[in-house]
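Here the structure comes first, spelled out in structure tokens, and everything after it is commentary.
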Amino acid sequence: LKVPGNDAQHYSLTLQKQQDGIYTCQSSEQLPLTITRQVVDKDGKQRINVVIKALDTVYFNYGEQIKTGYRHSDCQFYMPGFWYRQNLRSPEKAPSFHTSDSWLVREDRLSTPLTAAFNSSKGKSMSVIRIDKFDKEALATHKEGEVIVSGETSIGYTGFENIGGMTVLSYGFPYKEAPKTYIRKLTLAPSVEAFQLLRKGDSITLTWELSEIDAADFSECVQRTWEYCYDTNRPQPVNTPYTVDRMKDVLSNFFVESYVNTTPTHYYSGVELKTVTCDNTDVAEVGFVGRTLLNAFNALEYGFQQKRPELVNSANSIFDTYLT
42 LKVPGNDAQH
52 YSLTLQKQQD
62 GIYTCQSSEQ
72 LPLTITRQVV
82 DKDGKQRINV
92 VIKALDTVYF
102 NYGEQIKTGY
112 RHSDCQFYMP
122 GFWYRQNLRS
132 PEKAPSFHTS
142 DSWLVREDRL
152 STPLTAAFNS
162 SKGKSMSVIR
172 IDKFDKEALA
182 THKEGEVIVS
192 GETSIGYTGF
202 ENIGGMTVLS
212 YGFPYKEAPK
222 TYIRKLTLAP
232 SVEAFQLLRK
242 GDSITLTWEL
252 SEIDAADFSE
262 CVQRTWEYCY
272 DTNRPQPVNT
282 PYTVDRMKDV
292 LSNFFVESYV
302 NTTPTHYYSG
312 VELKTVTCDN
322 TDVAEVGFVG
332 RTLLNAFNAL
342 EYGFQQKRPE
352 LVNSANSIFD
362 TYLT
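For this note's numbering, add 41 to where a residue sits in the sequence shown, where the first one is 1.
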């Protein structure tokens with residue numbers, strides 16, 4: 042719990058059983074909120090519903106840890122779109138075991154808000170996934186330390202931690218990131234922990250699902266986990282007012298507006314572009330950002346398909362000037 046302008050106070054909670062599957066979370070000190078936790082078995086999985094009700098206006102961050110019973114040294118981890126095994130193929134300044142063997146991250150860094158730990162010695166995988174609509178987001182005034190979100194957010198956190206040599210799945214709401222936050226390409230920054238306002242009398246419901254499966258190897262773990270994510274979230278096509286053909290037509294204007302033919306080597310301008318003016322620059326690049334030759338190929342292919350000779354001519358001109 043946090044009072045703006047003061048350091049947050051952290052409270053450990055114990056579960057007190059009320060009836061089958063329903064618990065209240067108690068602290069050694071009286072808290073200005075009540076926390077009720079219900080666990081329901083659902084198709085061999087455990088659905089965890091947490092209801093937090095404010096007895097007074099508070100700023101809160103709530104978290105849980107699930108003990109997997111797996112030795113951390115036996116585990117590899119999967120967070121869809123973000124983490125694979127130990128992320129050791131990532132640069133040292135990106136999140137990986139190079140920096141730490143415990144990571145908590147914002148859910149919106151992942152393609153689905155799930156963390157799975159695969160135990161190679163037991164051939165088992167345990168995962169936790171957040172269930173929500175994810176339809177709210179709010180900004181914070183700072184990017185590190187303890188921060189207050191300016192409104193309501195749907196973004197929590199997920200991850201794994203090494204506690205006493207054993208793997209723990211950690212998750213909660215709203216978001217926090219530790220031991221570092223990843224703010225841009227190859228830049229790790231100090232950790233962040235967000236707190237959201239809950240007014241007196243209001244409540245919030247948070248839902249996670251815990252699952253454990255058998256898997257022969259990490260590849261099977263990833264396959265079955267991704268299928269589980271897809272079946273759980275049931276993503277649907279997004280209806281848009283524009284067709285694919287219309288958007289390609291609009292985007293192809295880049296090949297027209299950015300084409301530079303006043304230099305010995307022709308190119309599409311895009312590197313160091315100032316979005317205020319969109320003026321062409323004197324920087325040509327083949328690699329990561331500019332991709333001049335790749336763009337020329339795309340323009341050539343699209344120009345032939347759409348019978349647009351100006352695109353074909355500019356693309357061929359780029360290839361010709363690079364080859365001569």
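Heads up, the beta-carbon is just placed ideally off N, CA and C, and yes, glycines get one too.
Opening and closing residue of the alpha helix (DSSP H) in which residue i lies
| i | result |
| --- | --- |
| P350 | P350 to L364 |
| L155 | Where L155 is concerned, there is no enclosing alpha helix (DSSP H), although the beta strand (DSSP E) it sits in stretches over L155 to N160. |
Those residues which DSSP pairs with residue i across a bridge
| i | result |
| --- | --- |
| A257 | In DSSP, A257 forms no bridge with anything. |
| M11 | In this structure the chain extends from 42 to 365, so residue 11 is not present and cannot be described. |
| A95 | L74 |
| N90 | Q79 and T248 |
| W124 | M120 |
| K43 | Y100 |
| T199 | V146 and Y212 |
N- and C-terminal bounds of the beta strand (DSSP E) containing residue i
| i | result |
| --- | --- |
| G110 | Y103 to R112 |
| Q117 | C116 to M120 |
| R275 | Element bounds for R275: n/a, residue is neither H nor E. |
| E218 | K217 to R225 |
Residue i, DSSP secondary structure in three states
| i | result |
| --- | --- |
| C66 | strand |
| L341 | helix |
| Q60 | strand |
| D82 | strand |
| Q237 | strand |
| E326 | coil |
| N321 | coil |
| V285 | helix |
| L292 | helix |
| L129 | coil |
| V301 | strand |
| Y269 | helix |
| T55 | strand |
| Y229 | Residue identity check: residue 229 is Leu in the sequence provided, not Tyr. The answer is strand: DSSP assigns L229 an E or B state. |
* Three or more C-beta pairs closer than 8 Å, one from the stretch 156-170 and one from the stretch 105-122: is that the case here? -> yes
* To do: May I have a chain-ordered list of the beta strand (DSSP E) segments no shorter than 3 residues that lie completely inside the stretch 135-195?
  => 144-147, 155-160, 165-172 and 186-189
* Could you say if the stretch 354-365 and the stretch 304-314 meet the contact criterion of at least three C-beta pairs nearer than 8 Å? => yes
* To do: Count the C-beta pairs between the stretch 290-305 and the stretch 346-356 that are closer than 8 Å, then say yes if the count reaches three, no if not.
  => yes
* Quick one: any contact between the stretch 76-90 and the stretch 115-125, if contact means 3 or more CB pairs under 8 Å? -> Cβ pair count under 8 Å is below three, so no.
* Three-pair Cβ contact test at 8 Å for the stretch 207-223 versus the stretch 182-196 -> Contact holds: three or more Cβ-Cβ distances are below 8 Å.
* To do: Say whether the stretch 99-108 touches the stretch 124-138, bearing in mind that this needs 3 or more beta-carbon pairs closer than 8 Å, one atom from each stretch.
  => no
* Asked: Quick one: any contact between the stretch 182-189 and the stretch 233-252, if contact means 3 or more CB pairs under 8 Å?
  -> yes
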